[in-house]
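Trainee: Once you know that position 8 of the sequence shown is 728 in our numbering, the rest is easy, because the numbers rise by one and skip nothing. My questions all concern the structure below.
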Amino acid sequence: MSCGMNQELDPNPPYGEKGAFRKITVTVPPEVYERLVQESARRKIAGEPNQLLSALLREAVTRYLNLLDSPCHK
């Protein structure tokens, strides 16, 4: 198993396919918020998908949790 995101779980499925997802609220430091906004803008300018802050947070949380479960972390 490689160190990275589980390819079986798509944190950003197409519109209308998030019915089983759970909504949460997070409070982040201003520096984290700025980095999210910068990455969102970079993706928008580059024409890349998943530009929304919620999409970026889903990706980050999924990658982090997968990293914790990976053999590279142990």
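Glycine included, C-beta positions come from ideal geometry on N, C-alpha and C. Remember, predicted model here, so these are calculated numbers, not experimental data.
Give the DSSP-derived three-state secondary structure of D789 in the structure shown.
Mentor: Helix.
Trainee: Please list the terminal residues of the continuous alpha helix (DSSP H) segment that includes A740.
Mentor: Looking at the DSSP string, A740 is not in any alpha helix (DSSP H), and its letter there is neither H nor E.
Trainee: Quick one, which of L729, E768, N770 and L777 has its alpha-carbon nearest V746's?
Mentor: Ranking L729, E768, N770 and L777 by Cα distance to V746 puts L777 first.
Trainee: Quick one, which of V757, C792 and P731 has its alpha-carbon nearest P749's?
Mentor: The option with the nearest alpha carbon to P749 is V757.
Trainee: Residues in the same chain with beta-carbon distance under 8 Å from L772, minus the five sequence neighbours each way, listed in chain order, please.
Mentor: Answer for L772: S760, listed in chain order.
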